[in-house]
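**Student:** This is the structure, below, for whatever I ask next.
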Amino acid sequence: MELQKALPNARIVYASATGATEPRNMAYMTRIGLWGQGQAFREFSDFINAVEKRGVGAMEVVAMDMKQRGLYLARQLSFRGVSFRVEEVPLSADFIEVYDASVKIWLECRRQFQAALSRHCVNRAQVKLIWGQFWAAHQRFFKYLCISAKVKSCVKIVRDAIKANKCVVIGLQTTGESKTLEALDDAGGELTEFVSTAKFVINGI
C-alpha cells in the first residue's frame, strides 16, 4: 500500500487467488474504486461491513460489477478432454448410527429452544433471528456430517489413483479452518486432539 501511495501515477495490476471470495483480502486494492472519496463506501471497513452482512451473494454482485467495468478478470483452465464420474458412497452401519444419534440430539435441541422461548418474552423479530441462527447451524452440522461420510472412500480413490501414477487434486467444499483457528486460540496455541467442526457447531448454538 505504501508503494501505491508513493507512485500515484503508476498503473497497478492486482493479482489474487482469493480476491473475490474473501473480501478482507482486498484491503490493499485501494485503486479499484469500491471505497474512498466519492465512492459508495468512505472507508474499507464500511465496505467490509456491508459485504459481510449480506454474505456470499453480495461478494458475487461486487465481482460482477467489477467485471462489467473491466476491473476484474478471472481465468480458468479449459475443460476440453475432461471426463467425470459420480461415485456413490454406501453408508456404513457405524455412520448410520452416528447420523441417527445426531438427529436425536437436534430434536432435543429444538425442544429446548422451544421451551426456552415459551418462558421468555421475545418479540417476533427476535424469534425469527433465533430460529434463523438455529437452522443455519443445523444445516452446517449435517453438511459437515455428510462430508465426513465420504472421507474413507475419498482416501481409497486417491490411493488407487496414486498407484496408477496419476496426480490427485481434492476440492473441499469447506475446510473448517475458522473453527480450527478458534479452537487453537482457545487452547492457547496448542491442540491436543482432533478438532470436530460439527461439535463446535453444536456448542455454538
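Position one of the sequence shown corresponds to residue 1102 (our numbering), numbered consecutively onward.
Think of the CB as a built atom: it goes at the ideal place given N, C-alpha and C, for glycine as much as any other residue.
Expressed to the nearest angstrom, what Euclidean distance is found between the alpha-carbon atoms of Val-1157 and Thr-1122?
**Tutor:** Roughly 8 Å between the two C-alpha positions.
**Student:** Which residue from Cys-1210, Gly-1277, Thr-1131 puts its Cα closest to that of Pro-1109?
**Tutor:** Of the candidates Cys-1210, Gly-1277, Thr-1131, the one whose C-alpha sits nearest the C-alpha of Pro-1109 is Thr-1131.
**Student:** Kindly indicate the opening and closing residues of the alpha helix (DSSP H) around Gly-1158.
**Tutor:** Per DSSP, Gly-1158 belongs to the alpha helix (DSSP H) from 1157-1169.
**Student:** Please classify Phe-1142: does DSSP put it in a helix, a strand, or coil?
**Tutor:** Strand at Phe-1142.
**Student:** Over what stretch of residues does the alpha helix (DSSP H) that includes Gly-1233 continue unbroken?
**Tutor:** Gly-1233 -> alpha helix (DSSP H) spans 1225-1250.
**Student:** Among residues of its own chain, excluding the 5 on either side of Ala-1159, which ones have a beta-carbon nearer than 6 Å to its beta-carbon?
**Tutor:** Excluding residues within five positions, the ones whose Cβ falls inside 6 Å are Val-1152.
**Student:** For Glu-1189, which of Asn-1126, Leu-1282, Ala-1250, Glu-1283 has the nearest alpha-carbon?
**Tutor:** Answer by Cα proximity: Ala-1250.
**Student:** Check for me: the alpha helix (DSSP H) holding Cys-1210 runs from which residue to which?
**Tutor:** Residues 1194-1220.
**Student:** Should Pro-1191 go down as buried or exposed, given a rule of 16 or more other Cβ atoms within 10 Å for buried?
**Tutor:** With fewer than 16 other Cβ atoms within 10 Å, it is exposed.
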